[in-house]
Each structure stands twice: as C-alpha cells, then as structure tokens.
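Asker:
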Amino acid sequence: MNQPDIPVDALYQAAKRPEVVAAMRAFYGDADRRIAAHSPTCWNRGACCRLGEYGHRLYVTALEVAYYLAHRRQEQVPTVTGESCPHAHDGQCHARERRPLGCRIFYCDPAAQHWQGPLTEELLRRLRRLHDELNVPCFYADWLVVLRALQQRQ
Ligand code: SF4
18 MNQPDIPVDA LYQAAKRPEV VAAMRAFYGD ADRRIAAHSP TCWNRGACCR LGEYGHRLYV
78 TALEVAYYLA HRRQEQVPTV TGESCPHAHD GQCHARERRP LGCRIFYCDP AAQHWQGPLT
138 EELLRRLRRL HDELNVPCFY ADWLVVLRAL QQRQ
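All you need for our numbering is the position in the sequence shown, starting with 1, plus 17.
1. Does the Cβ-Cβ distance between Ala-105 and Arg-67 come in under 8 Å?
2. On the three-pair Cβ rule with 8 Å, is the segment 105-115 touching the segment 149-158?
3. Measuring only from the beta carbon, is Cys-59 closer than 7 Å to any heavy atom that is part of the ligand SF4?
4. From Gln-109 to Thr-137, what does the alpha carbon distance come to, in whole angstroms?
5. Would Cys-125 and Asn-61 be called neighbours here (beta carbons separated by less than 8 Å)?
6. Bridge partners for His-111 per DSSP, in chain order?
7. Taking the continuous beta strand (DSSP E) assigned at Asp-159, which residues delimit it?
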C-alpha cells in the first residue's frame, strides 16, 4: 500500500478539538463493548505488537491518531526502532487507553476469527463517516509510518 503524506500539523489541531475527542471516546466505547461481547482471549501476550516479526501491519485513520495525540499528556511520541510498536513493553501495551482500533479488534484466538472482519469493516465505515462529520481529512496509513512522522516533529 502506498503511504500518504502524514499531515502532522492537522493531526495536532484535530487533537485539540473537544468534539473530536468526545466523538472518538464514544466510538471506542462502543467498539470496546462490541468486542468484549465476543469474550476474545489474548493468547500471545503482545507478540502481535512486534508487527514485523509477527508478519502483519497496523493501519490507522486520522481520527485514531488525533485521539492518540489528545491523550499523550506530557509524553513524547516514542522513537520507533525496527518494526515493533514502541508502546509494547513486557508483553503489555503502554498506550492502552488510546490505542488504535486495529489493536482493539485483533485477536489471534481461533474462536475470534469469524467476527473480526465484518466488525472491522463496519467500524471503519463509521470512522470514515465521522471524519466527514467532524471535517477531519481521512487517511489510512501504517502505524509505524505515522509514529515516525509525529516523532520527527517533536
Ligand atoms: S498501541 Fe499498544 S496494542 Fe497497539 S501495537 Fe502498540 S503496543 Fe500493541
């Protein structure tokens, strides 16, 4: 997939808008409830956050990044080294409250395979509509590419 240019300034501006943050909080709250209703089990203790080694990519939209930035408090965006998410330590996610949608939905649990695809598609459609409603230009980009772009502007 070709990577779009990451509009870093626009992402920081969106992160400052209370209505953006509130809309994403509600979106994630609903997504988390829908996911929890399936009672998926984490089997790999964060191995999937070592994206390159695990053999998959994580893609995010602009609103997910804006929400991530809105909750960074005083923290810097961590440096990406290699192909692992820099928020993964000791088998845990250290950005759990603000992690992107794909992190919330993905489970390698075999019993979780049948619902993930349809729910992802449905929630991505809602996310795209939210970008229009909130007037935030949408992109769909590799998480590590986004983090590197954010990190370069600190
Ligand atoms: S944000 Fe958290 S859950 Fe998502 S890839 Fe990074 S460490 Fe894993």
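Using N, Cα and C, we set each Cβ at its ideal position, and we do this for glycine too.
All of these numbers come straight from a predicted model, not from anything done at the bench.
Answerer: In terms of the structure at hand:
1. Yes, these two residues count as a Cβ contact at 8 Å.
2. Judged by Cβ distances under 8 Å, the segment 105-115 makes no contact with the segment 149-158, as fewer than three pairs qualify.
3. Not so, every heavy atom of the ligand SF4 lies at least 7 Å from the Cβ.
4. In this structure, the straight-line span from the alpha carbon of Gln-109 to that of Thr-137 is close to 23 Å.
5. Yes, Cβ-Cβ distance for Cys-125 and Asn-61 is below 8 Å.
6. For His-111, which the question treats as bridged, DSSP gives no partner whatsoever.
7. For Asp-159, the enclosing beta strand (DSSP E) covers residues 157-159.
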